[in-house]
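>
Number of protein chains: 4
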Amino acid sequence: MSENQPLKVALFGSGRIGQVHARNIAAHPDLELAWIVDPFIEGARTLAAGTGAQAVASADEVFANADLDAVIIGSPTNTHVDLISRAMSHGVAALCEKPIDLDLDRVRACRASLEGNPTPLMLGFNRRFDPHFAAIQARVASGEIGRLEQLTIISRDPAPAPEAYILASGGIFRDQSIHDLDMARFFVPDIVEVQATGTNVFCDYIEEAGDFDSVVITLKGSGGELVTITNSRHSAFGHDQRLEAFGSDGMLSAGNMAPTTVRKYGAAGTEGADPYLPFFLERYAEAYRNELDAFAQAIRTGTACSPGFDDGLQALLLANAAEESARTGRTVKIGKEQP
Amino acid sequence: MSENQPLKVALFGSGRIGQVHARNIAAHPDLELAWIVDPFIEGARTLAAGTGAQAVASADEVFANADLDAVIIGSPTNTHVDLISRAMSHGVAALCEKPIDLDLDRVRACRASLEGNPTPLMLGFNRRFDPHFAAIQARVASGEIGRLEQLTIISRDPAPAPEAYILASGGIFRDQSIHDLDMARFFVPDIVEVQATGTNVFCDYIEEAGDFDSVVITLKGSGGELVTITNSRHSAFGHDQRLEAFGSDGMLSAGNMAPTTVRKYGAAGTEGADPYLPFFLERYAEAYRNELDAFAQAIRTGTACSPGFDDGLQALLLANAAEESARTGRTVKIGKEQP
Amino acid sequence: MSENQPLKVALFGSGRIGQVHARNIAAHPDLELAWIVDPFIEGARTLAAGTGAQAVASADEVFANADLDAVIIGSPTNTHVDLISRAMSHGVAALCEKPIDLDLDRVRACRASLEGNPTPLMLGFNRRFDPHFAAIQARVASGEIGRLEQLTIISRDPAPAPEAYILASGGIFRDQSIHDLDMARFFVPDIVEVQATGTNVFCDYIEEAGDFDSVVITLKGSGGELVTITNSRHSAFGHDQRLEAFGSDGMLSAGNMAPTTVRKYGAAGTEGADPYLPFFLERYAEAYRNELDAFAQAIRTGTACSPGFDDGLQALLLANAAEESARTGRTVKIGKEQP
Amino acid sequence: MSENQPLKVALFGSGRIGQVHARNIAAHPDLELAWIVDPFIEGARTLAAGTGAQAVASADEVFANADLDAVIIGSPTNTHVDLISRAMSHGVAALCEKPIDLDLDRVRACRASLEGNPTPLMLGFNRRFDPHFAAIQARVASGEIGRLEQLTIISRDPAPAPEAYILASGGIFRDQSIHDLDMARFFVPDIVEVQATGTNVFCDYIEEAGDFDSVVITLKGSGGELVTITNSRHSAFGHDQRLEAFGSDGMLSAGNMAPTTVRKYGAAGTEGADPYLPFFLERYAEAYRNELDAFAQAIRTGTACSPGFDDGLQALLLANAAEESARTGRTVKIGKEQP
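Put into structure tokens, the structure is as follows:
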């Protein structure tokens, strides 16, 4: 890593999320997109075109480079643990998309193997870097609303993923809710109880897959905080992403985002805004940029990455507990994970 | 006037505005609706039914009663000066709808004749009693936004009055804008200059009547305050009634009122409220009640009525000045009215 | 009951809620406040003053009157069943405040005794008559947002009741949440599962009473609908009463109510509204009036009262189930109540 | 101009506005920042550092380059006409900040000299590219609100420029209002009358300079449209930039922008947003990017630039007319400018 040169980055995955990272790396003054890795080499080549990056098909070609500074892992979930391990063993900083893995045992094994390794490792819970949610978290932490008592998270995707994706997703709790579970932990890190309920109200193939299309999760924090998460796999009016932090002295809320501030007034109604930003690529565009910048800064300054590997593990534990609660009808207690 | 009995009130006029006052008098604990006066006696009878009030056709029958405490004048404009004069000469408190008269000379003569008469006389500029505008006026007066610098009034009726009404109305400045001119004076009592412009953009019979359907008025206060009034005789989305007071330290605004707080979110748009309250009867329902209560209190306590006769005169002077400015293209200076 | 005379009403209870009803009865054209009943006769007398009503200490004096048309029961909870029974046995219409009783067995016995009795009996779940919530319910019922999938209710009181009240209240679920449970049933009448969690985060005497100060309840309807209720016994910014109905085609929400539409803009922040209406007396003033009117109309037209006795029973069953779930950590299934 | 290479751009001026353009040029895929020109060479060098651009002190060095494709003129106003002329005579596309010049005769002479010259020339009225205002303009043009009748523009700067700037600014009408006058023309291109009033309410050195600190302008369009512009040189709550288009069928409005969607609720007030974005650099960041992109596209496609030179001239004519009206108290008619 040279102090005078941008950090050389390899990006794994040329899909939807890889494209977001590619653009952001290209625009970041301290990052250089050097390699794009995808076994589907055409995808890598298309994305690399005009960026100066090299398109390669295998991770080996990347880790062989001595000047590799960081990897960003946006490839399929089942590659995450392996790529994290390789990056960490090479002392190469990594930013990995969630989830670490759908299999808790693999995640724990990976964590054990990383014990004591100081290489920067960040988990891609990008919503922590959303300026709206981050502002609330900072203001709550500063005591602006007194003691935090209740947190309300409403999070609805615009439309369900295709059937093939749903089947491989690990289910709504591990695929969709996990973002909100991490958001809950952003405000209330120590969750002690999980309740959840799920239903099927609109999507046949989700039901046939044995998954829910709509869920509600209630969490209790060790300080008595109550967190509710309301999820749906669809929303007629765009990506519905809201959060309210209620405390002893007041409340802070973050609303949805329309593309403009324009309001319409007519015989049929007044003050109507546009439909909200359609999905996470638009809604969290700034969050992805801020996340990348935090990653670059953590590498440069040597400070700990946040969120880190353990946050990925904890979110997965909560997602599993929610699934268990929804299946059994029982509140699930969360024990301390022994490292 | 008995301290233990409600004040006995005669209401002149059984039209739209008379009906508002009749209901409010009936509901007021310190007022008794004793007479309803209308030469169109059927109207008076219909309105009197079930109220205990007596329907009479002529003012004479009313002023002959020794126990008459107050009159509320909601009859046609050309009766106002005469009824005010009679009430004042009988020592009977009066609340008179705006305008006092369309003829400035008659108004001035009436004022001269009332010189020194202490009988309570209130002008029905009901919007001063609207809780939203009144709250802003009080907060501005308290210094909450520092020195008042600019006042923005937007005031649009839902639809133009019928042609017959327009022809007798005295024109948009004396009929519609006069409310806003008084509102301007509620915040900036001493207006020194008037500019106005009018156009015809949607209503043929208003144009044929030689009147404008849309106007803008700019006022300058003696302290350099700038007031803009934007009027239209129509509005597709309900009664548009807004006000913003801008000061050196901040701003206070009052928005329109929808019938409920309900918002709609769908594929076509988000956060849509209902159309606004349709017209002044709904929009200013609370203002009319508060106005009546202030009138009753002024009678009971012997304090000066506000707004009073002079406010009616000043508003008319400003309306005339606006008309002159719109016709001549010249700024009109407002001199001190010599009493 | 005379068709030409207002209905003669006896009001039980001269406390806070009795005072609301007394004012509304007095203002209602088809109701006459004839008796106010309170063993604390001074309270009854004070409230009766100036209304023409007779203050009496015992129910016997009221039910002895052959011209009694209706009773409104706003006396303590433990008097409700007895007064309902007496009214029904006299064929006198009744509007009873919630809850019917805290003891489910008494409620069931009362219901059994009323089997077949056609006398109008309305339960005082006044929030169903709130114009904002009622508008949403009607629009959802009309299909405006497609199939209802999720309902989010946030309901926070401004401050906890005094310790003595808390001890006799039956607990937060039966005292506070019961309104929201009925609201849930207003939208989703057939609830099949209840989950709840409670915590103590701010009020010692509530904790010492073995009660919760903050709870979250999740309900599942027979159609797969998910309802979340978030309650707190306090709120720094006024009575927090919100509802969102989310459906397959969109969403309808109702927000909180500030006393005016005024917004403040300054160096410290922008668009700031006033604190919300402080508590239910202000927030639900219109709901109480509408409720009373619906009661009068049901009596006049002979149509069934809604909400009725069974709604009171169902809400209590849900409150009990929520309590059980919060205590055991298990989801409670709601069986069909056998009449 | 090569089709395969980004357009080579020279930027005149390294001040505040030059810095905005420099960043945006660097980020634009079809533009290359080749030269930064400033007689204050240190400024040019600082801005050029790390961009690959060459810092030069004189325009001669730039126009000598055969591969110069475009210039962006962000230097002082008195250099504009000369730089425009040189660019046009070299066939080099130009984007010039407003105003063209403060002297109408110079502007007219410049226009005459450009007669028939097809080289792209864009005027930097960046607000036309603001996504909020542009969306409204497009929706009005599409007929969404019927015929446009009234346009309300409120535009307040956060704080007055320093005295030295004020003295050279040409006055509030030509310096600040000119943006709003062009915005008026964006909606109502053909303005036929101008009224204006100005006052001094808060800033001594502006008054001493013979300028106003607060003005109101009313414009009339050839179709009877009424436009009001309210300006102040200060605003306690950030850059106040709003617009409302009122038509026969409804209204479209664009509000101010806070940095986040966060709202605060507490004992002192509810729904409070953050102070608005402080000034034009933040508020119009996206507008500047869109403007630059439109400029690049106009060059590439050979389509006419909009806004163009004539828009700059018309805005200046309106600013002069407003000044004249404010000084004389007379409405000023706008004649057709003869080319």
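Chains as they are written, first to last, in UniProt numbering: chain A, 1 to 339; chain B, 1 to 339; chain C, 1 to 339; chain D, 1 to 339.
For glycine and all other residues, C-beta sits at the position ideal for the given N, C-alpha and C.
1. With distance defined between alpha-carbon atoms, name the residue in Leu123(B), Asp103(B), Ile299(B) and Arg147(B) nearest to Ile84(B).
2. I need the straight-line Cα distance from Glu286(D) to Phe186(D), nearest angstrom please.
3. Whole angstroms is fine: what's the gap from Pro158(D)'s alpha carbon to Pro6(D)'s?
4. By alpha-carbon positions, which one of Ser14(D), Ile100(D) and Asn24(D) ends up nearest to Asn290(D)?
5. Can you pull the chain D residues whose beta carbon is under 7 angstroms from the beta carbon of Phe237(C), in chain order?
6. If you follow the beta strand (DSSP E) that Asn231(D) is part of, which residue opens it and which one closes it?
7. Let me make sure I understand the geometry here. Which of Ile206(D), Leu47(D), Pro29(D) and Pro99(D) has the alpha-carbon closest to that of Gly15(D)?
8. Using only alpha-carbon positions, find the residue among Val188(A), Ala66(A), Glu97(A) and Ser89(A) that is nearest to Asn78(A).
9. What separation, rounded to the nearest whole angstrom, lies between the Cα atoms of Gly269(C) and Ile100(B)?
10. When the distance is taken between beta carbons, is Leu313(A) closer than 8 angstroms to Ile334(A)?
11. Select from the region 245-261 of chain A all residues with a C-beta closer than 9 angstroms to any C-beta belonging to chain D, and list them in chain order.
12. Taking the beta strand (DSSP E) that Leu123(C) falls in, what are its first and last residues?
13. Determine which residues share a DSSP beta bridge with Ile72(D) and list them.
14. Using a C-beta to C-beta distance shorter than 8 angstroms, which residues of chain D count as neighbours of Asn200(B)?
15. Write down every uninterrupted run of the alpha helix (DSSP H) in the region 2-47 of chain B whose length is 4 residues or greater and which is fully enclosed by it, in chain order.
16. Under 8 angstroms between the Cβ atoms of Thr230(B) and Gln195(D)?
17. Skipping 5 residues on each side, what residues in its chain have a beta carbon closer than 8 angstroms to that of Leu281(A)?
18. In terms of alpha-carbon separation, which member of Ala87(D), Pro131(D) and Phe202(D) lies closest to Ser113(D)?
19. So that I know if they touch, is there some Cβ in chain A lying closer than 8 angstroms to that of Ala273(B)?
20. Exposed or buried, Lys220(C), counting other C-beta atoms within 10 Å across all chains shown (16 or more means buried)?
21. For Ile136(A), return the contacting residues in chain D, with the cut-off set at a CB-CB distance below 9 angstroms.
22. Would you list, in sequence order, the uninterrupted beta strand (DSSP E) runs of no fewer than 3 residues that lie entirely inside the region 253-292 of chain D?
23. How would you write the range of the beta strand (DSSP E) that Ala196(A) sits in, first residue to last?
24. Take Ala10(C) as the anchor and find which of Phe173(C), Asp293(C), Thr119(C) and Leu95(C) has the nearest alpha-carbon.
25. Strictly below 7 angstroms CB to CB, what residues from chain D border Ala287(A)?
26. DSSP has Pro251(B) in a bridge; who is on the other side?
27. Mind checking if Glu282(C) is an interface residue toward chain A, Cβ cutoff 8 angstroms exclusive?
28. Just the chain B side, please: which residues come within less than 8 angstroms of Arg147(D) by C-beta, in chain order?
29. Judging by CA-CA distance, which residue of Ser325(A), Val140(A) and Val201(A) is the nearest neighbour of Leu148(C)?
30. Let's test the definition: count the other Cβ atoms within 10 Å of the Cβ of Thr261(A) and tell me whether it reaches 16, buried, or not, exposed.
31. For Gln176(C), which residues from the same chain have a beta carbon less than 6 angstroms from its beta carbon, with the 5 sequence-adjacent residues on both sides left out?
32. Note down the Cα distance separating Gly43(A) from Ile36(A), rounded to an integer number of angstroms.
33. Residues of chain B with CB closer than 7 angstroms to the CB of Ala216(D), please, in chain order.
34. Hey, does Tyr276(C) have any beta-carbon neighbour from chain D nearer than 8 angstroms?
35. Using a Cβ-Cβ cutoff of 8 angstroms, what residues of the region 115-143 of chain A are near chain C? List them in chain order.
36. Under 9 angstroms Cβ-Cβ, which residues of chain A neighbour Ala27(D)?
The short version:
1. Checking every option, the nearest Cα to that of Ile84(B) belongs to Leu123(B).
2. Those two C-alpha atoms are separated by around 18 angstroms.
3. Our two residues, Pro158(D) and Pro6(D), have alpha carbons roughly 37 angstroms apart in a direct line.
4. Distances from the alpha-carbon of Asn290(D) to those of Ser14(D), Ile100(D) and Asn24(D) put Asn24(D) closest.
5. Neighbours of Phe237(C) on chain D, chain order: Tyr265, Gly266, Ala267 and Thr270.
6. Per DSSP, the unbroken beta strand (DSSP E) holding Asn231(D) starts and ends at Leu226 to Ser232.
7. Nearest neighbour of Gly15(D) by Cα position, chosen from Ile206(D), Leu47(D), Pro29(D) and Pro99(D), turns out to be Leu47(D).
8. Among Val188(A), Ala66(A), Glu97(A) and Ser89(A), the Cα nearest to that of Asn78(A) is on Glu97(A).
9. Spanning the two alpha carbons is a distance of roughly 43 angstroms.
10. Against a cut-off of 8 angstroms, the Cβ pair of Leu313(A) and Ile334(A) comes out as no contact.
11. Cβ contacts with chain D: Phe246, Asp249, Gly250, Met251, Leu252, Ser253, Ala254, Gly255, Asn256, Met257, Pro259, Thr260 and Thr261.
12. Looking at the DSSP string, the run of the beta strand (DSSP E) that includes Leu123(C) is Leu121 to Leu123.
13. DSSP lists Leu11(D) and Leu95(D) as partners of Ile72(D).
14. Listed along the chain, the chain D residues whose CB falls inside 8 angstroms of the CB of Asn200(B) are Gly224.
15. The qualifying runs are 16-27.
16. At least 8 angstroms separates the beta-carbon of Thr230(B) from that of Gln195(D).
17. Cβ contact annotation for Leu281(A) (same chain, cutoff 8 angstroms, sequence separation greater than five): Arg16 and Val20, in chain order.
18. Per the C-alpha coordinates, the member of Ala87(D), Pro131(D) and Phe202(D) positioned closest to Ser113(D) is Ala87(D).
19. Put simply, the CB of Ala273(B) is near chain A, with a gap under 8 angstroms to one of its CB atoms.
20. In the assembly as shown, Lys220(C) is a buried residue. Its beta-carbon has 16 or more other beta-carbons within 10 Å.
21. Near Ile136(A) (Cβ distances below 9 angstroms), the residues of chain D are Thr260 and Val262.
22. Restricted to the region 253-292 of chain D, the beta strand (DSSP E) segments that are unbroken, complete and at least 3 residues in length are 262-266 and 269-272, listed in chain order.
23. From DSSP, the beta strand (DSSP E) with Ala196(A) extends over Ile191 to Thr199.
24. Of the listed residues, the one whose Cα sits closest to Ala10(C) is Leu95(C).
25. Listed by position along chain D, the residues whose Cβ is nearer than 7 angstroms to that of Ala287(A) form an empty set, because the closest Cβ is around 12 angstroms away.
26. Correcting the residue type first, residue 251(B) is Met in the shown sequence and not Pro. Residue pairing of Met251(B) in beta bridges, as defined by DSSP: Phe246(B) and Tyr265(C).
27. Closer than 8 angstroms: no.
28. Listed along chain B, the residues sitting closer than 8 angstroms to Arg147(D) by beta-carbon distance are Val201 and Phe202.
29. Relative to the Cα of Leu148(C), the nearest Cα in the group Ser325(A), Val140(A) and Val201(A) belongs to Val201(A).
30. Residue environment: Thr261(A) is assigned as buried (16 or more neighbouring CB atoms within 10 Å of its CB, all protein chains considered).
31. Residues of the same chain with a CB within less than 6 angstroms of the CB of Gln176(C), apart from the 5 flanking positions on each side, are Asn231 in chain order.
32. Computed Cα separation, rounded: 9 angstroms.
33. In the sequence as displayed, the identity of residue 216(D) is Val instead of Ala. Near Val216(D) (Cβ distances below 7 angstroms), the residues of chain B are Thr218, Leu226 and Thr228.
34. Yes, Tyr276(C) lies at the interface with chain D (some Cβ there is under 8 angstroms from its Cβ).
35. Among the residues of the region 115-143 of chain A, none has a Cβ less than 8 angstroms away from any Cβ of chain C.
36. Those are Ala27, listed as they occur along chain A.
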